[in-house]
Structures are given as structure tokens and as C-alpha cells.
Amino acid sequence: MAKYSKSAQKKVAKVMREKKAGTLKSGRSGKKVTSRKQAIAIGLSEARRAGAKVPKKGAKKTAKKGAKKSARKGAKKTAKKSRK
Numbered sequence: 001m002a003k004y005s006k007s008a009q010k011k012v013a014k015v016m017r018e019k020k021a022g023t024l025k026s027g028r029s030g031k032k033v034t035s036r037k038q039a040i041a042i043g044l045s046e047a048r049r050a051g052a053k054v055p056k057k058g059a060k061k062t063a064k065k066g067a068k069k070s071a072r073k074g075a076k077k078t079a080k081k082s083r084k
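Numbering-wise, full-length UniProt numbering puts 43 at position 43 of the sequence shown, and it's gapless, one number per residue.
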């Protein structure tokens, strides 16, 4: 899991409280936010704008990226061979 700074954690906690109270609004449309994931994303983007330590958008930890790729390629090749 990604590591966030204390200030980023505080921002997300504040936004989650707003969501629970029903006062959290989406940026452009101004609609009420009901999704937990969307609330977290709003909190992280606010923290990012404030200069807190937050990983880049869409960044995920993949330690064994090469191993997974080669395993998938092998599975695809065997599937193609079995069809012939």
C-alpha cells in the first residue's frame, strides 16, 4: 500500500467526515458525493494541491512485475497451441 504523509492523511480524514455528514460536493458538477473511493480521491487531490507527500495518480506498487508478465505470456502461448 502507498505511504501518505500525515498532512495527506488528515485531509482524507476531513473529507471522509464531510462525506459521512453528507456535505461533501463534487468539484465541477457540485453533486453530493456518495462513493467512498471518490471521497478518498478528492481528499488526496486536495492534499496534492497543498503540497503534501502523495504518490502520483494511478501509481501502484508492483514488485514482481516481470514475473507476472512472463507467466501471462506463457499461459497465452499454451492456450493458442491447444486451440490448433
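For every residue, glycine included, the Cβ atom is placed at its ideal position computed from N, Cα and C. Computed from a predicted structure; not experimentally measured.
Cβ neighbours of Lys-19 within its own chain (closer than 7 Å, five residues either side excluded): Val-33, Ala-39. Around the beta carbon of Lys-11, a 10 Å sphere encloses 16 or more other beta carbons of the protein chains shown; the residue is thus reported as buried. The beta carbon of Glu-46 is closer than 8 Å to those of Lys-11, Val-15 in its chain, skipping five residues each way along the sequence.
For the options Lys-3, Ile-42, Gly-30, Tyr-4, the alpha carbon positioned closest to that of Arg-17 is the one of Ile-42.
Straight-line measurement puts the Cα of Lys-25 at about 13 Å from the Cα of Arg-36.
In the DSSP assignment, Lys-32 is bridged to Lys-25.
Ala-21 counts as exposed, since fewer than 16 other C-beta atoms from the protein chains shown sit within 10 angstroms of its C-beta.
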